[in-house]
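Residue numbering for the sequence shown follows my numbering, beginning at 14 and increasing consecutively.
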Amino acid sequence: MSILTNKHFIVAMLVTPILAVLAYFLTDYLVSERPHAAEQGASYKLVAKPNCRYASGKCELKNGGFLLTLKPERLNNNKVRLSLDANFSLQGAKIAISQSFGATPAPIDMQALDEAKKRWQTEIDQPSSGNNFLRLVISARGSLYFADVTTIFFNEDRPYQAN
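See below:
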């Protein structure tokens with residue numbers, strides 16, 4: 014008698030993958046952390062997306078459904094206009110540029126560009142190198158959101174041109 018003709022073996026071969034998939038999703042449901050709404054007065058870290066780590070010309074920061082985009086625009090050799098676009102209304106935004114990670118320079122207020130307070134901008138001195146750090150703190154819905162990113166994204170990568 015062959016093992017492939019045994020009805021118990023055939024049923025086990027059909028049921029096992031179904032049980033494995035069900036166990037995977039049930040374990041995820043029981044063990045995973047539930048998302049929760051931001052509490053008023055609490056502080057939350059914004060996660061820098063990969064385009065903040067290279068010369069991309071913009072930096073996107075995210076925490077849950079909260080998304081910010083920073084875009085630098087060079088005005089001249091030593092001034093930069095930094096724009097901030099958010100998907101929610103902000104109560105305020107401040108930035109600071111430091112030459113080292115632990116330094117605490119004086120923050121600069123950003124000005125709202127529209128009534129919805131989703132677009133903000135300010136003018137800052139051009140960072141001396143891509144190794145400087147940009148610290149951002151924003152206030153939205155009674156909570157504070159903060160981020161520390163390098164200023165490497167200030168330099169937009171130029172497309173390759175063959176000679």
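Note that the Cβ used here is the ideal one computed from N, Cα and C, for glycine as well. Keep in mind that this is a model prediction, so the values were computed, not measured.
Boundaries of the alpha helix (DSSP H) harbouring ASP41: 20-44, taken from the DSSP string.
Between the segment 161-168 and the segment 80-93, the count of Cβ pairs shorter than 8 Å is three or higher; the stretches touch.
Selection SER113, LEU43, GLN124 evaluated against SER96 yields GLN124 as nearest (Cα-Cα). Rounded to the nearest whole angstrom, the CA to CA distance from LEU59 to ALA33 is 36 Å. The beta-carbon separation of GLU52 and SER156, rounded to 7 Å, stays under the 8 Å limit for a contact. Between GLU136 and LEU88, the C-beta spacing is below 9 Å. By the Cβ neighbour-count rule, TYR158 is buried, with 16 or more other Cβ atoms within 10 Å of its own. Annotation: GLY70 to ILE31 spans about 47 Å, alpha carbon to alpha carbon.
Rounded to whole angstroms, VAL28 and ASN19 show a C-alpha spacing of 15 Å. Of the other Cβ atoms in all chains shown, 16 or more fall within 10 Å of the Cβ of PRO140; this residue is therefore buried. A straight-line Cα-Cα distance of about 20 Å links ASN76 and TYR67. With fewer than 16 other beta carbons inside 10 angstroms of its own, LEU43 counts as exposed. Residues GLY105, ALA106, LYS107, THR135 of the same chain have their beta carbon placed closer than 8 Å to that of ASP122, with the five preceding and five following residues left out of the count. The beta strand (DSSP E) runs lying completely inside the segment 125-162 and spanning 3 residues or more are 132-138, 146-153, given in chain order. Taking 3 residues as the shortest admissible run, the segment 58-135 contains the following complete beta strand (DSSP E) segments, listed from N- to C-terminal end: 72-76, 79-89, 92-99, 105-111. For PHE22, same chain residues with a beta-carbon under 7 Å away, outside a window of 5 residues either side, are ILE16 in chain order.
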